[in-house]
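Enquirer:
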Amino acid sequence: MRHLILILLLCNLPDVFPAASAETGAALYARHCASCHGANLEGQPDWRSPKADGTYPAPPHDAEGHTWHHDDAMLQDYMTRGGQAVLDDMGVSFRSAMPAFGEVLSPVEITSILDFIKSTWPDRIRQARDERLRPAP
Ligand code: HEC
């Protein structure tokens, strides 16, 4: 009898842990980000050159890009509220083409995508990032 109860409890686990959180950062990246930032985080061609409408192509998130220059809080904010809101707040006049994902993805999902992106960086980039982001003594 006790075993039966245990089995029934285990069968109900998917209700306890919603399916969304089971999707890995890599899968979420592939679904929501790869169309612009590239399946291999390589970004779009000529990402440093503005397009005719004044927006820029999506930059790479790999070691060639500048994602690693920024701290986690800034990156999380950029993904959640989108580029325009963040840059407006910073007083930067720039037309952003980076959409907001705060309505589509939970904070946990956004963190897991960020963790996936960071996991692809080679050690030298991680070290350079740690040094760059370390507060001045
Ligand atoms: C419609 C195309 C598009 C999609 C989809 C998109 N981005 Fe972006 N993203 C951009 C563009 C373009 C920029 C360049 C900066 C700007 O325009 O604000 C950018 C910039 C960024 C930046 C800041 C720049 C950097 O590398 O430091 C981050 C972080 C980022 N995107 C993460 C993501 C993540 C994570 C996803 C998926 C959840 C995503 N983006 C989906 C177009 C997109």
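Per this note's numbering: the sequence shown = residues 559 to 695.
Beta carbons are placed, not taken as given, at the ideal position from N, Cα and C, and that holds for glycine.
#1: Looking at the structure shown, is P618 part of a helix, part of a strand, or coil, going by DSSP?
#2: Under DSSP, the alpha helix (DSSP H) around G640 begins and ends at which residues?
#3: So does the stretch 677-686 actually touch the stretch 614-624, counting three or more Cβ pairs closer than 8 Å?
#4: Look up A584 in the DSSP assignment and say whether it is helix, strand or coil.
#5: Roughly how many whole angstroms lie between the Cα atoms of L672 and P615?
#6: Is the distance from the Cβ of R687 to the Cβ of W626 below 8 Å?
#7: In chain order, what residues of the same chain have a beta carbon less than 6 Å from the beta carbon of A658, not counting five sequence neighbours either side?
#8: Buried or exposed: which applies to V644, given that a residue is buried once 16 or more other Cβ atoms fall within 10 Å of its Cβ?
#9: Less than 8 Å between the beta carbons of V662 and H590, yes or no?
#10: Let me check understanding here. Comparing Cα to Cα, which of T613, A655, I668, M648 lies closest to A588?
Expert: For this structure:
#1: coil
#2: 630-647
#3: yes
#4: helix
#5: 20 Å
#6: yes
#7: R639, G640
#8: buried
#9: yes
#10: I668
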